[in-house]
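In this text, residue positions in the sequence shown follow our numbering: the first is 17, and each later residue adds one.
Idealized CB from N, CA, C, for every residue including glycine.
Below is one structure, written out as structure tokens; comments come after it.
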Amino acid sequence: MTKTPKLTLVGAGPGDPELITVKGVKALQKADVVLYDALVDPELLSYAPDAVHIPVGKRAGKSSVSQDTINHLIVQYAKEMGHVVRLKGGDPFVFARGCEEKAIAERHGIEVDVVLGISSVMLPGYFGIPLTCRGVNQSFTVVTATTSEGTLSEDVLRAAEHSPTTLFFMGLGKIDLIARAYVEFGRGDLPAAIISKGSHADGDVIKGKAKDIAAIAAKAKPEAPALLIFGEGAAQASNQQQVNTWWEAAKSEVA
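Here it is in structure tokens:
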């Protein structure tokens with residue numbers, strides 16, 4: 017019997033496999049095909065043991081699958097096999113091109129469902145960094161530092177001049193330019209932090225100030241994916257030892 021073509025966009029969360037939602041797990045359990053990102057923890061694939069698992073990760077500087085190919089695979093497998101789960105890191109609609117994948121599926125008459133995920137925007141809290149804090153700041157800005165052409169986004173300058181707290185996605189390769197913008201706007205003493213590898217077990221955070229964070233990063237060599245935070249809350253970043261302690265405690269409670 018031919019199955020009805022369907023696409024479910026599932027947010028896998030920011031790294032830790034336990035941060036996927038219950039609804040996301042249920043979608044995986046019903047999948048015929050799982051197209052999964054490079055940043056998705058492989059442990060999540062165990063929720064879909066009978067499905068076909070296809071890696072479609074895109075990583076800067078590494079062999080990757082183009083977005084056009086991913087779009088083609090979504091349509092192909094939905095029509096051939098039925099229920100395709102597109103498992104994406106973070107949330108499907110936050111710097112994840114979920115809108116494009118939804119549009120291409122709908123254009124081909126494929127039913128689409130969306131399962132929200134914990135966005136990497138929430139990662140600072142995992143490392144003790146508040147995005148808002150009463151009496152300190154009442155807003156924060158989220159910016160992709162690199163445009164589709166690979167250049168520095170103009171939004172970086174606006175954030176560096178005005179935003180109390182800013183999170184920069186895809187900014188590690190341009191940290192020199194970002195930090196320089198803060199210094200040029202007289203905000204060189206603003207606390208800054210870099211979160212590396214999200215909420216994975218080997219996730220790490222380094223901190224400094226806008227005026228020296230680029231030099232600190234050059235020495236520490238944080239690995240991608242990385243999230244940059246510029247704002248007063250960055251001064252509260254927890255070190256790796258504390259993070260490892262929390263991680264092990266959480267694992268032992270589950271066990």
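- Check: residue 132 C-beta below 7 Å from any heavy atom of the ligand GTP: The ligand GTP is not part of the structure shown, which contains no ligands of any sort.
- Query: According to the neighbour-count rule (16 or more other Cβ atoms, all chains shown, within 10 Å of its Cβ), is residue 25 buried or exposed?
  - Reply: If you number the sequence shown from 1, residue 25 lands on position 9. Taking every protein chain shown into account, the CB of residue 25 has 16 or more other CB atoms within 10 angstroms, so this residue is buried.
- Query: What did DSSP end up calling residue 102 once you bin it into helix, strand or coil?
  - Reply: Along the sequence shown, read from residue 1 onward, the residue named residue 102 stands at position 86. In the structure shown, residue 102 sits in a strand (DSSP, three-state: E or B).
- Query: For the alpha helix (DSSP H) that residue 38 lies in, which residues bound it at each end?
  - Reply: Mapped onto the sequence shown, residue 38 falls at position 22. Segment 38-45, the alpha helix (DSSP H) holding residue 38.
- Task: Locate the beta strand (DSSP E) running through residue 52, then write down its first and last residues.
- Result: If you number the sequence shown from 1, residue 52 lands on position 36. For residue 52, the enclosing beta strand (DSSP E) begins and ends at 49-52.
- Item | Buried or exposed by the 16-neighbour rule on C-beta atoms within 10 Å, applied to residue 99 | Here residue 99 refers to the residue found at position 83 of the sequence shown. Result: buried.
- Boundaries of the alpha helix (DSSP H) in which residue 127 is found, first to last residue: Taking the first residue of the sequence shown as position 1, residue 127 is located at position 111. Run containing residue 127: none in the alpha helix (DSSP H); it sits in the beta strand (DSSP E), 127-131.
- Item | residue 85 - containing beta strand (DSSP E), residue span | Here residue 85 refers to the residue found at position 69 when the sequence shown is read from its first residue. Here residue 85 belongs to no beta strand (DSSP E); instead the alpha helix (DSSP H) covers 83-97.
- Three-state secondary structure (DSSP) of residue 220: Looking up residue 220 in the sequence shown gives position 204. Three-state result, residue 220: strand.
- Query: Going by C-alpha distance, which of 158, 121, 162 is nearest residue 110?
  - Reply: The count along the sequence shown starts at 1 and reaches residue 110 at position 94. Here the closest residue by C-alpha is 158.
- Task: Kindly list the residues whose CB is nearer than 6 Å to the CB of residue 29, restricted to its own chain and excluding five residues on each side of it in sequence; keep chain order.
- Result: Mapped onto the sequence shown, residue 29 falls at position 13. Close CB contacts of residue 29 within its chain, under the 6 Å cut and outside five residues either way in sequence, are with 35, 36, 133, 134 (chain order).
- Query: Can residue 207 and residue 248 be called in contact, C-beta distance under 8 Å?
  - Reply: Reading the sequence shown from its first residue, position 191 is the one you call residue 207. Reading the sequence shown from its first residue, position 232 is the one you call residue 248. Cβ distance < 8 Å, so residue 207 and residue 248 count as in contact.
- Apply the 10 Å Cβ neighbour rule to residue 257 and answer buried if 16 or more other Cβ atoms are within range, or exposed otherwise. Mapped onto the sequence shown, residue 257 falls at position 241. Low per-residue confidence applies at residue 257: pLDDT is 44, beneath 50, and the placement is therefore not dependable, though the value from the model is reported in the following sentence. Residue 257 comes out exposed.
- Message: Can you tell me where the beta strand (DSSP E) holding residue 26 begins and where it ends?
- Response: Indexing the sequence shown from 1 puts residue 26 at position 10. Following the DSSP letters along the chain, one finds residue 26 inside the beta strand (DSSP E) bounded by residues 22-27.
- Task: Report yes or no: do the region 82-89 and the region 111-121 share at least 3 C-beta pairs separated by less than 8 Å?
- Result: Taking a cut-off of 8 Å on C-beta distances, the region 82-89 touches the region 111-121, as three or more cross pairs fall below it.
- Are at least three pairs of beta-carbons, each pair with one atom in the region 237-253 and one in the region 141-150, less than 8 Å apart? As far as the Cβ criterion goes, the region 237-253 touches the region 141-150, which means the pair count is three or higher.
- Message: On the DSSP bridge list, what partners appear for residue 68?
- Response: If you number the sequence shown from 1, residue 68 lands on position 52. Residue pairing from DSSP places residue 68 in a beta bridge opposite 49.
- Task: Return the chain-ordered ranges of every beta strand (DSSP E) run that is complete within the region 119-196 and spans a minimum of 3 residues.
- Result: The beta strand (DSSP E) runs of length 3 or more contained entirely in the region 119-196 are, from start to end of the chain, 127-131, 157-160, 182-185.
- Query: Which term fits residue 123, buried or exposed, when burial requires 16 or more other beta carbons within 10 angstroms of its beta carbon?
  - Reply: By 1-based counting over the sequence shown, the position of residue 123 is 107. By the 10 Å Cβ count, residue 123 comes out exposed.
- Burial state of residue 192 (16 or more Cβ within 10 Å): Start at 1 with the first residue of the sequence shown, and residue 192 comes out as number 176. So residue 192 ends up on the exposed side.
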